[in-house]
Amino acid sequence: MGVLPANEYTHGLYPYPARLLRHIPRFLLATDAIVDGVDLVFDPFVGSGTVLLEAQLRGIASIGVEQNPVAALVSRVKVRAEEVGDAETRLDEVLAAAKRCRRPTIPSTALGRWYAPQALSALGRLLTVISEAADLSAADREVAMLCLVLTARRVATTDPRIPVPVRTQRNAAATASDVWEAWGAEATAMVAKLERLPRRRPPAHVWTGDARDLDMWPSPEEARTTLLLSSPPYGAAQKYVRSTSLEAGWLGHAPTGRTVHIEHGNIGREHLSAKDATLTTADVWSPSLRGLLEGIGRKDARRAAIYLTYFVDMQAAFTNARTTGVKRIALVTGTNSVVGSTLHTSQHLAEIVQCLGYQRTLSVRDPIRGRTLLTARRNGTPSPAEHIDVFEVNPDA
Numbered sequence: 331m332g333v334l335p336a337n338e339y340t341h342g343l344y345p346y347p348a349r350l351l352r353h354i355p356r357f358l359l360a361t362d363a364i365v366d367g368v369d370l371v372f373d374p375f376v377g378s379g380t381v382l383l384e385a386q387l388r389g390i391a392s393i394g395v396e397q398n399p400v401a402a403l404v405s406r407v408k409v410r411a412e413e414v415g416d417a418e419t420r421l422d423e424v425l426a427a428a429k430r431c432r433r434p435t436i437p438s439t440a441l442g443r444w445y446a447p448q449a450l451s452a453l454g455r456l457l458t459v460i461s462e463a464a465d466l467s468a469a470d471r472e473v474a475m476l477c478l479v480l481t482a483r484r485v486a487t488t489d490p491r492i493p494v495p496v497r498t499q500r501n502a503a504a505t506a507s508d509v510w511e512a513w514g515a516e517a518t519a520m521v522a523k524l525e526r527l528p529r530r531r532p533p534a535h536v537w538t539g540d541a542r543d544l545d546m547w548p549s550p551e552e553a554r555t556t557l558l559l560s561s562p563p564y565g566a567a568q569k570y571v572r573s574t575s576l577e578a579g580w581l582g583h584a585p586t587g588r589t590v591h592i593e594h595g596n597i598g599r600e601h602l603s604a605k606d607a608t609l610t611t612a613d614v615w616s617p618s619l620r621g622l623l624e625g626i627g628r629k630d631a632r633r634a635a636i637y638l639t640y641f642v643d644m645q646a647a648f649t650n651a652r653t654t655g656v657k658r659i660a661l662v663t664g665t666n667s668v669v670g671s672t673l674h675t676s677q678h679l680a681e682i683v684q685c686l687g688y689q690r691t692l693s694v695r696d697p698i699r700g701r702t703l704l705t706a707r708r709n710g711t712p713s714p715a716e717h718i719d720v721f722e723v724n725p726d727a
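Here the working numbering is used: the first residue of the sequence shown is 331, the next is one more, and so on.
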């Protein structure tokens, strides 16, 4: 398949952490045996929309579900169906109106510590215009909101090398003019990326929701021709939320700057609820996983509880696949090291799926030794392995 351009289509629209390498879904969706009889691609852990965009490029309709509202916004813009020309005009109009506006909207009390006063006011004026403009379609409003959070990232007093916000002196004296300039640069870059999308693409829909909720899944009629293709979250994936905390603040999802309430709803989290604390290893289906978690618990009870909660959540999510009758499942996973023990996530998720009546038809382990087809890493640091497993529903199960 060779090297793919870093900003191909809209894949580089937003720097979401730990994005799925697009080589992998492209490879899978180009394999006839995997897409045979498939009319719909479904990703219940859609992240920043890599799978949905690749499904569009392959000519297959798709649906994604994502709990992090920032990632859901990114995904919706990434697979945007509307004409790009309208977005370009609307972004210019928003900027012009914001320069005239004198009523900044600051949706989080914590945002002030991350911006110079003039920059904060200018960002707030952009938000006022975006929120109140009557002539913005829902899709154009989302493009404008994504442009806003990208602009806010650019002019924040944060260290761009660190995913979670860490305060520095960078942009400490940023002005309104700096914000207008950053908006213009982000708008130009975004429109250029959107223009790269093929004109004729099948629909892709992104729902902000929870994969454990059966209502988020395809109907039983759709599921018979559905490929579930996803890279599930890590067992302790709270940094996905923390790294987007400023964006969540601007989008109105973190009014006090705290994102714990978002993390509590995520599959893969470190902040556990009182309900999570009632789980025991008896709640996991796999005897081997049960024993591993008990061993981890003897070293670190908190880490064991995090991964116990994760696998119980994944059992609930994949039960929905079986309940609706999803035809085929393709999972891309890695391994985790937990207090000195190797946790083979692919193996344990495979056990869950097989317990539900699916048969494994393909298993590929890709040891990561460098920048190869399925294993390229932005910083070149090798990761232990990628695992690709494909399962087919057993009609007799």
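The beta carbon of each residue, even a glycine, is placed where N, CA and C say it ideally should be.
Same chain, Cβ closer than 6 angstroms to residue i, five either side skipped, listed in chain order
i	result
HIS583	PRO399
ALA385	VAL371, SER392
ARG658	LEU557, GLU722
GLU338	none
GLY595	GLN397
ARG531	GLN386
LEU358	ILE364, ALA660
ARG701	With a pLDDT of 40 at ARG701, under the threshold of 50, the modelled position of that residue is not reliable, and the figure given next carries that caveat. Nothing meets the Cβ criterion.
HIS717	THR663, SER676, ARG695
ALA706	Residue placement at ALA706 is flagged as unreliable, the pLDDT there being 36, under the threshold of 50; the coordinate-derived value follows with that caveat. Hits under 6 angstroms: none found.
LEU812	Because the chain is modelled from 331 through 727, residue 812 falls outside the range shown and cannot be assessed.
First and last residue of the uninterrupted alpha helix (DSSP H) at residue i
i	result
SER507	506-525
ASP719	From DSSP, ASP719 is part of no alpha helix (DSSP H) but of the beta strand (DSSP E) over 715-723.
SER575	575-580
ASP362	362-365
ALA553	550-553
TYR570	569-572
Reduced DSSP category for residue i - H, G, I as helix; E, B as strand; rest coil
i	result
PHE357	helix
LEU383	helix
GLY700	Low confidence applies to GLY700: its pLDDT is 41, below 50, so where it sits in the model is not reliable enough to give any reading.
VAL424	helix
ILE659	strand
ARG690	strand
ARG588	coil
ASN666	strand
LEU558	strand
ARG349	coil
ARG497	strand
ASP643	helix
LYS605	coil
ILE460	helix
ALA610	Residue 610 is actually Thr in this sequence, not Ala. Reduced to three states, the DSSP call for THR610 is coil.
ALA503	coil
VAL404	helix
ALA706	For ALA706, the predicted model reports a pLDDT of 36, less than 50, meaning its position is unreliable; a value from the coordinates is still stated below. Note: ALA706 maps to coil in three-state DSSP.
TRP547	coil
LEU623	helix
HIS583	coil
TRP444	helix
SER618	helix
GLU338	coil
ASP470	helix
Spatial neighbours of residue i in its chain, beta-carbon cut-off 8 angstroms, leaving aside the 5 residues before and after
i	result
LEU370	ILE390, ALA391, SER392, ILE393, PRO548, GLU552, THR555, THR556, LEU557
VAL521	VAL414, ALA417, GLU418, LEU421
TRP615	GLN645, GLU681, ILE682, CYS685
VAL669	ILE626, LYS629, ASP630, ARG633
Span of the beta strand (DSSP E), counted from its first residue to its last, around residue i
i	result
THR487	From DSSP, THR487 is part of no beta strand (DSSP E); its letter is neither H nor E.
ASP630	Where ASP630 is concerned, there is no enclosing beta strand (DSSP E), given that its DSSP letter is neither H nor E.
ASP373	370-373
LEU673	671-673
Closer than 8 angstroms to chain B by CB, residue i
i	result
ARG443	Among the chains of the structure shown, chain B does not appear; only one protein chain is present.
Per DSSP, cross-strand counterpart(s) of residue i
i	result
VAL395	TRP537
ARG455	Per DSSP, none; premise fails for ARG455.
ARG695	HIS717
Near the ligand NAP: residue i beta-carbon under 7 angstroms from a heavy atom
i	result
ALA604	Absence of the ligand NAP from the depicted structure is noted, as is the absence of any ligand whatsoever, leaving it without description.
Other residues of its chain near residue i: CB distance less than 7 angstroms, five sequence neighbours each side excluded
i	result
GLU525	VAL414
ALA486	TRP444, TYR445, ASN501, LEU576
THR611	ARG620, LEU623, GLU624, LEU638
GLY454	PRO434, THR435, ILE436
VAL642	LEU609, ASP613, VAL614
LEU544	ASN650, THR653
Check your understanding: Is there contact between the segment 438-448 and the segment 536-549, where contact requires at least three CB pairs shorter than 8 angstroms?
Key -> no
Check your understanding: Are the segment 417-435 and the segment 449-465 touching by the rule of at least three beta carbon pairs closer than 8 angstroms?
Key -> yes
Review point. Do the segment 471-487 and the segment 574-593 make contact, defined as three or more Cβ pairs closer than 8 angstroms?
Key: yes
Review point. Counting Cβ pairs, one atom from each stretch, are 3 or more of them under 8 angstroms apart for the segment 649-664 and the segment 672-682?
Key: yes
Practice item. Determine, using beta-carbon pairs with one atom in the segment 600-618 and one in the segment 490-508, whether at least three such pairs fall under 8 angstroms. Key: no
Check your understanding: Are three or more beta carbon pairs between the segment 510-517 and the segment 481-501 nearer than 8 angstroms?
Key -> yes
Check your understanding: If you pair each beta-carbon of the segment 630-640 with each one of the segment 558-567, do three or more pairs fall below 8 angstroms?
Key -> yes
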